[in-house]
Structure formats: C-alpha cells, structure tokens
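Sequence lines, in order, name chains A and B.
Take 39 as the starting number for the first sequence in the working numbering and just add one per residue.
Take -4 as the starting number for the second sequence in the working numbering and just add one per residue.
All C-beta atoms, glycine included, are put in the ideal place defined by N, C-alpha and C.
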Amino acid sequence: MKMVIHISSAMQDPVIARVILGTGVEINVDRANIDATSGEIVLEVPIDACNRVARAFEREGASVSVLEHPILRDEDECVHCGACISVCPVHVFSFADDWRVAMDESKCIHCGACITACPHDALKIVSE
Amino acid sequence: MASKTISKVNERIRDGSVSVLTAEEMTDYIREHGTEKAVREVDVVTTGTFGAMCSSGAFLNFGHSDPPIRMQRAYLNGVEAYSGLAAVDAYLGATQESESDKSYGGGHVIEDLIAGKEIDLHAESSGTDCYPRRMLDTRITIDDLNQATMVNPRNAYQRYDAATNSTKRVLYTYMGTLLPGFGNVTYSGSGMLSPLSNDPTFRTIGTGTRIFLGGGQGYVIGGGTQHDPENRFGTMMLTGSLKEMNPTYIRGAAFHKYGTSLYVGVGVPIPILNEEIAAATGVSDSDLTTEIVDYGIPRRSHPLVREVTYEELKSGIVDIDGSEVRTSPLSSFNLARRIADELKGWIADGEFFVSAPSAQLPARGSAKPMRETRGQLLVQDAMSGDARTIRSDACVKDAAELIIEGYFNHLPVLSEDGTLVGIVTSWDVSKAVARGDVGTVESVMSRNVVTSTPDEFVELAVQKMEKHKISALPVVNETRKVIGMVTSGDLNKLLVRR
C-alpha cells in the first residue's frame, strides 16, 4: 500500500531508519521530495503492516496519509489516447483489449509525470 | 473483373441491403475471401481517426449588433479569432491561446460551442460611419450564430513521424512528453483504420467526398496544406457544420509547455467499386511503415532513428539500438474504432450516402521547405577558432595564468587524448584559491559542459546559454575535440552587425 509521510524539513532525525528498525517492516521508498519548508515521502508498505508503520511515523512527529486513490481520472475528459502510458515510470497505465486505457492505481508513486503528459487535463493527483 | 458503381451502392443503402465493414474487419475479410468476393459482397468500408489536428478551426458569423460594429479584434472566452474579414465574420483557429490561460485555446472554445455552452464575446473596432460601434461585450451560444462552419486546412495525415528524444533532458513537444535518452516513443495516426492509408492513391477520395466529421456529416474540400502524396504524407482539407457535431468527437487539448490544439474525429467511407479499391482496404498495421525521428535535434528535418511499422508501435514496445523503448500513441484508437463503427451504423441505417468526388485528391506533388532569403547565422561565423585549453592534470595556478594572459573567463579542460572533459572559469579558479585548494584543474572544473557545434544556428546557441545561465560555449567537432569558443559577447556583436 502506498503511504505519504509529511515532515517538516527542520526535522534532522533519521526518521525512516528509526521506523524501519523499530517496526522491522520492509519499506520501499518510492519517491522523496524535500524542499526549504517541508518534505513529502512516498512509501510502499505491506498492507498488513500499514497501521503499525503509520503509528510509528506519527510518534516521530510526521503526519501520515494513505493513498487509496493516488490519481483520479475524469472519465468525461479522457479520450483513451494513451499519452500517459510511456511516461509513467511504474507502469500504472496500459491498453485493454478494446484500446481503452486501463489504470492500476496501486502502483502509483505520485510523481506527476502523467498529469502534464495528458493533453486533455483528465488526470489529477489526489492530495489527502 | 468484378465492379460496381456509386449509384448501385447508394441504391443498396436506400433499400437497406448494403453491406458495410470497418477497415479492421475488411482486412480479415480480404485475407480470408480475396478481393473478387469482396467487390461482390462488400459495398462500403469505413475508416476512422481521432487525434490532435492543429490545422483546424471554424468560421463564425455572429449576426449584426445594434448599433452595428465592424469587428477589428474579436475574442471568444479571451481567445482571439481572426476578424480581418467582413464586419461580423471571424475565423477561430485551434491553436490560438487565451490571453489569460495558456492551457485554454481555440480548440477548447470550439468544443465548448459544440457542447452548447455560453461563450463570452468581446469585440473592438475604431468605428466608421456605417459601423459606428467601438466596443461590444455579449454572451453567445452556438444557436445564436448564423453559421459555425469548421474549415480545417490540414487533417488526417496519411501517417506521421513517430518521435523520440536523444538528449539528456525531458522535451515537451506537440508530440507530447519525450523522455531523455530515448526514454519513450510517441506516435500519431490510426494505422490500418486511417482514412488515407485505406485509399493511398485516392481512387475514391477527393473534393466533395461526404465524410464523418466530428460526429456530423462533413465534406472533403480537397488536398490539405502540405499534402505530400509522393512521400505518403497525404492530407485533406475538410469542412462541416459545428451545429451538427458532437463534443465526444471534437475535443480541445493542451500540450504541456507547447500550446493548445484540437482533437478531431474523422471517418471516410470507401465505396468498394473494384478490386484495386478492395485490395487497398485490406491493408494491415504490419504493412504500414513510418519513421521514428529524433526530436532532440531542433531542426526542420529531425534525424531518422529507424523505420517502424504501426504494428510495432501499437505493440507498446519498440527496439532502439537493442533497448526496449515504450510507446505512447497520441491518437485514440478506441475513438477511431468508434468513429468507423458509427459511420458504419449510419450507412447501414440509410442515414448516410456515399458520394463520388468531383475531383480526386492530387496523387502527385510534395511539400517544399520555406524559401529563406536571409541566411541564418551559424556558430562558426561568430566563434573564435584559437581557444586556449588546459589539461585536466595541470595545476590550478597554470589555469589562472592562462586566464589572465588571455583576458577570458572560460577555459576548456582536455583529457590526455585531447577530448573535452570539463571547463574551468575564472570564478572556479578564484574559489579554489580562496579555499586554499590549489590542486589540479580536475578537482575544480565543472564536468557537465554545455557545448556547441560549428553548424549550430546562432539563435539556438543563444537560447542554450540563456537556458543554462552561462556566457560561453566550447565549440566541438564530432570527436569532441575543441575547435573554438563562442561567447555571448561574440554573438551579440554578430547580431548587432546585421
């Protein structure tokens, strides 16, 4: 399951390392953006360990949200061209047999590449 | 040899006995039954395409206001329409952008009109005795317009170059997002469903051919602009009334950091009058080739990367130099298929009759490049050919001396074999000295050198310097040997001299 950790960039502690060592859960870091004021880290966490990992991050002072629908598609705008398919680094999009674009949102790491690639403004990142 | 006439086909449409296949179905049919049976059994083959067609737009007539105005500037939802026509006529082009929102353009206004939405109309004029009004603001819908006639100068390219990107940065183009290092390939056109690919010698398509355009019935005006049949880049000029169209098949679009366009749905019926016509409609994606070209080189002719079939492009992966590269269409096959199906339904239901063209699309001719009367300046016209260089294992002090002797700021750094590996600037040298770090040049140089070539256009070299916020470029040859240096000062002097 994808989880977004929000931290303040003032936070200097090795939060991710502490959570991994503390919980013993194998976590994959999909993406991390830290700028002058805040940081956002997208993690892949085994579904049965989600609650434990989320609580561990909260104890470290981070806020946590679970990405249930990381991207939303406006079905009225999408023309199923497939411009999104080859720009997605984690293969969220693919053609179904009828040449409609199918989506596997569970793979999404919130990078935003598809958002700008869509000529029809049909895709939105959901920020929770 | 089996044959039939247009009027025979229309007779069958009228009495409901007509047999229609889509171009995809026809390919299977021909493979199984051959062309002779196809002429006897199949009357019409329907094609379809749905993709970005920038050369599109519509003539609008607003009716006269009171007091009347001769529109010299007209804006629809903030998008300017060309009004250098009679008083209240205007042509709204698909790629014209809104003054306030770059992601909304003429194509979106056309879609909104077809969808029945209210549109802001603003017009300005200097006023005349017969048209005294100087300013006008109102809201209109498509029903308020006398005419809303789509006239698209160039639609439905027979095929289109596929795009890839050899550079190290992401390119945002009208072919979509192109990832660095041949990271993906984008392409356009509907392959075996494409109208002109099913009649590549234009036996049935030409001026007056009745077609599906944007969900309504439209017509072929003739060959489109840049019609280039000799290189299999045929195009069509099309027209139809917006009032008959459906917003499913006409969609405004915006390409990130490029601009706006219009996705247009086009379907052309091909009456199967003889075996040659039937054979052409048997075409499959594996028969249709196009070229993958490198959009990383911003020249009129992008360098060829490789030839490719639509079958390979549609498979989702193509091979480039041994690497598997993912593909993205920009056209929608799903909608192309729906268009071919819908046109098939219209014909089968007796709502659409095929027509003989009064003149076929030209089968000869090609597209010329622009005549330019002022030669474009090249970097070789501006560069200094005696650039001083330094070896990477030299010491920083040597670099400082060279810079002071030569009164310049940039010193290309060479490896042992003389190829370019870095650059040191007077700033790098000062910084090293200030820090007491006076080791080798290698330890203070920048390794990421932005370079130019002697045949690069000056205008593009200037853009490169602006983009990277630098003021000089080493000029290199094919083997990365430094043959000169060009600075923003050199280029300015050259441009001022002109």
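Scanning Glu271/B, Gly370/B, Tyr155/B for the CA closest to the CA of leucine 283/B turns up Tyr155/B. Contact between the region 163 to 182 of chain B and the region 116 to 132 of chain B is absent, with fewer than three C-beta pairs closer than 8 Å. For histidine 148/A, no Cβ of chain B is located within less than 8 Å of the residue's own Cβ.
With respect to the 8 Å criterion, valine 278/B and serine 192/B are classified as neighbours on the basis of their beta carbons. Contact between valine 436/B and alanine 394/B is confirmed by a C-beta separation of about 5 Å, below the 8 Å threshold. The three-state reading of DSSP puts histidine 148/A in coil, since its state is none of H, G, I, E or B.
Residue pairing from DSSP places alanine 70/A in a beta bridge opposite Ile79/A. The three-state secondary structure of lysine 163/B, taken from DSSP, is coil. Inter-segment contact for the region 6 to 18 of chain B and the region 342 to 349 of chain B is present: three or more beta-carbon pairs are separated by less than 8 Å. Among the residues facing chain B, serine 124/A is included, as its CB has a counterpart in that chain under 8 Å away. Bridge partners of glutamine 153/B according to DSSP: none are assigned.
Taking a 10 Å sphere around the C-beta of valine 491/B, we find fewer than 16 other C-beta atoms and assign the residue as exposed.
Within chain A, not a single residue places a beta-carbon under 9 Å from that of arginine 154/B; the smallest gap is close to 17 Å.
Contacts with chain A at 8 Å (Cβ-Cβ) include asparagine 179/B.
In this structure, aspartate 485/B lies near methionine 378/B, with their beta-carbon atoms less than 8 Å apart. Using beta-carbon distances, arginine 35/B does not count as an interface residue toward chain A, since no partner is under 8 Å.
With a cut-off of 8 Å on Cβ pairs, the region 310 to 317 of chain B is not in contact with the region 48 to 55 of chain B, counting fewer than three such pairs. Annotated three-state conformation of proline 224/B is helix, per DSSP. Burial check for valine 13/B: the Cβ neighbour count within 10 Å reaches 16 or more, so the residue is buried.
Aspartate 142/A is outside the set of residues whose beta carbon lies under 8 Å from a beta carbon in chain B. Alanine 358/B carries a coil assignment under DSSP once its states are collapsed to helix, strand and coil. The three-state secondary structure of methionine 41/A, taken from DSSP, is strand. Remark: C-beta atoms of leucine 71/B and leucine 140/B do not approach each other more closely than 8 Å. Per the DSSP secondary-structure output, isoleucine 399/B pairs with nothing in a beta bridge.
Shown here for glutamine 142/B: same chain residues with a beta carbon closer than 6 Å to its own, the five before and five after excluded, namely Asn56 in chain order. Taking a Cβ-Cβ cut-off of 8 Å, the neighbours of phenylalanine 250/B in chain A comprise Pro157, given in sequence order.
Listed along chain A, the residues sitting closer than 9 Å to phenylalanine 45/B by beta-carbon distance are Val117, Cys119.
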